[in-house]
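**Student:** Take 10 as the starting number for the sequence shown in this note's numbering and just add one per residue.
Backbone N, C-alpha and C define an ideal beta-carbon position, used for all residues, glycine too.
The structure that follows is given in the form of C-alpha coordinates.
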Amino acid sequence: MTSQNNQKKKQHLYYTIGEVSRMLDVNPSTLRYWEKEFDGIHPYRNRKGTRFYHTEDVETLRLIKYLLKERGFTIAGARDYLKTSRSHVLRNMDIVETLKNIREFLIQLRNNL
(Lines of atoms letter the chains of each structure in order from A and count residues from 1; the text may use other names and numbers.)
(Lines give C-alpha, C1' and ligand atoms only; values in the text may rest on other atoms or scores of the structure.)
Protein backbone atom coordinates (compact mmCIF):
# COMPACT_ATOMS: atom_id res chain seq x y z
CA MET A 1 0.00 0.00 0.00
CA THR A 2 1.35 3.44 -0.86
CA SER A 3 1.60 6.31 1.57
CA GLN A 4 -1.03 8.16 -0.48
CA ASN A 5 -3.51 5.36 0.23
CA ASN A 6 -2.60 5.53 3.92
CA GLN A 7 -3.30 9.27 3.92
CA LYS A 8 -6.73 8.67 2.37
CA LYS A 9 -7.56 6.18 5.12
CA LYS A 10 -6.53 8.63 7.83
CA GLN A 11 -8.68 11.47 6.51
CA HIS A 12 -12.41 10.98 6.23
CA LEU A 13 -15.01 13.27 4.76
CA TYR A 14 -17.27 12.68 7.75
CA TYR A 15 -16.53 11.83 11.37
CA THR A 16 -18.84 10.45 14.05
CA ILE A 17 -19.36 12.39 17.25
CA GLY A 18 -17.17 9.85 19.06
CA GLU A 19 -14.30 10.35 16.61
CA VAL A 20 -14.53 14.13 16.88
CA SER A 21 -14.75 13.87 20.65
CA ARG A 22 -11.49 11.90 20.76
CA MET A 23 -9.79 14.18 18.21
CA LEU A 24 -10.57 17.30 20.23
CA ASP A 25 -10.41 15.69 23.67
CA VAL A 26 -13.86 16.93 24.70
CA ASN A 27 -17.02 15.10 25.74
CA PRO A 28 -19.69 14.35 23.11
CA SER A 29 -22.13 16.37 25.24
CA THR A 30 -19.82 19.38 24.85
CA LEU A 31 -19.92 18.99 21.07
CA ARG A 32 -23.71 18.81 21.10
CA TYR A 33 -23.83 21.95 23.27
CA TRP A 34 -21.45 23.85 20.97
CA GLU A 35 -23.56 22.75 18.01
CA LYS A 36 -26.56 24.52 19.58
CA GLU A 37 -24.63 27.63 20.59
CA PHE A 38 -22.62 28.33 17.42
CA ASP A 39 -23.68 28.87 13.83
CA GLY A 40 -21.80 27.03 11.15
CA ILE A 41 -21.84 23.55 12.68
CA HIS A 42 -24.27 21.41 10.73
CA PRO A 43 -23.57 17.70 11.07
CA TYR A 44 -25.33 15.33 8.73
CA ARG A 45 -27.71 12.97 10.52
CA ASN A 46 -28.69 9.57 9.27
CA ARG A 47 -32.12 8.01 9.81
CA LYS A 48 -31.12 6.88 13.28
CA GLY A 49 -30.10 10.42 14.20
CA THR A 50 -26.38 9.67 14.35
CA ARG A 51 -24.33 12.81 13.77
CA PHE A 52 -21.65 12.86 11.08
CA TYR A 53 -19.43 15.93 11.14
CA HIS A 54 -17.86 17.16 7.91
CA THR A 55 -14.19 18.17 7.99
CA GLU A 56 -15.28 21.83 7.92
CA ASP A 57 -17.42 21.24 11.01
CA VAL A 58 -14.43 19.66 12.76
CA GLU A 59 -12.29 22.69 11.89
CA THR A 60 -14.95 25.03 13.30
CA LEU A 61 -15.12 22.94 16.47
CA ARG A 62 -11.32 23.14 16.79
CA LEU A 63 -11.59 26.92 16.55
CA ILE A 64 -14.29 27.01 19.19
CA LYS A 65 -12.24 24.84 21.54
CA TYR A 66 -9.20 27.08 20.99
CA LEU A 67 -11.17 30.23 21.80
CA LEU A 68 -12.91 28.78 24.85
CA LYS A 69 -10.14 26.68 26.38
CA GLU A 70 -6.90 28.35 25.23
CA ARG A 71 -7.95 31.98 25.03
CA GLY A 72 -10.55 31.96 27.83
CA PHE A 73 -13.43 33.43 25.82
CA THR A 74 -17.03 33.14 26.97
CA ILE A 75 -19.51 31.42 24.65
CA ALA A 76 -20.92 34.79 23.56
CA GLY A 77 -17.45 36.26 23.11
CA ALA A 78 -16.26 33.30 21.04
CA ARG A 79 -19.42 33.46 18.91
CA ASP A 80 -18.88 37.15 18.16
CA TYR A 81 -15.16 36.74 17.57
CA LEU A 82 -15.73 33.90 15.09
CA LYS A 83 -18.20 36.02 13.14
CA THR A 84 -15.77 38.90 12.75
CA SER A 85 -12.27 37.40 12.87
CA ARG A 86 -12.32 33.78 11.68
CA SER A 87 -9.17 34.01 9.53
CA HIS A 88 -7.35 35.80 12.35
CA VAL A 89 -8.32 33.02 14.76
CA LEU A 90 -7.11 30.34 12.35
CA ARG A 91 -3.74 32.02 11.97
CA ASN A 92 -3.31 32.49 15.72
CA MET A 93 -4.36 28.91 16.41
CA ASP A 94 -1.77 27.61 13.93
CA ILE A 95 0.94 29.79 15.50
CA VAL A 96 0.10 28.56 19.01
CA GLU A 97 0.15 24.93 17.82
CA THR A 98 3.54 25.44 16.15
CA LEU A 99 4.95 27.07 19.28
CA LYS A 100 3.69 24.17 21.43
CA ASN A 101 5.41 21.69 19.10
CA ILE A 102 8.66 23.68 19.23
CA ARG A 103 8.46 23.81 23.02
CA GLU A 104 7.97 20.03 23.23
CA PHE A 105 10.93 19.52 20.90
CA LEU A 106 13.16 21.80 22.98
CA ILE A 107 12.16 20.05 26.20
CA GLN A 108 13.03 16.69 24.65
CA LEU A 109 16.35 18.09 23.44
CA ARG A 110 17.16 19.43 26.91
CA ASN A 111 16.28 16.11 28.51
CA ASN A 112 18.64 14.30 26.13
CA LEU A 113 21.65 16.47 27.09
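Would you mind reading off the limits of the beta strand (DSSP E) that contains arginine 31?
**Tutor:** As a working mapping, residue 31 is identified with position 22 in the sequence shown. Run containing arginine 31: none in the beta strand (DSSP E); it sits in the alpha helix (DSSP H), 26 to 33.
**Student:** Which stretch, first to last residue, makes up the beta strand (DSSP E) that contains tyrosine 62?
**Tutor:** Start at 1 with the first residue of the sequence shown, and residue 62 comes out as number 53. Its beta strand (DSSP E) spans residues 60 to 63.
**Student:** Could you tell me the alpha carbon to alpha carbon distance between histidine 63 and leucine 122, rounded to whole angstroms?
**Tutor:** Taking the first residue of the sequence shown as 1, we reach residue 63 at position 54. Taking the first residue of the sequence shown as 1, we reach residue 122 at position 113. When rounded, the distance between both Cα atoms is 44 Å.
**Student:** Could you check where the alpha helix (DSSP H) with proline 52 kicks off and where it finishes?
**Tutor:** As a working note, residue 52 is residue 43 in the sequence shown. Element bounds for proline 52: n/a, residue is neither H nor E.
**Student:** Exposed or buried, which one is glutamate 46 when buried takes at least 16 other CB atoms within 10 Å?
**Tutor:** Taking the first residue of the sequence shown as 1, we reach residue 46 at position 37. Glutamate 46 should be labelled exposed.
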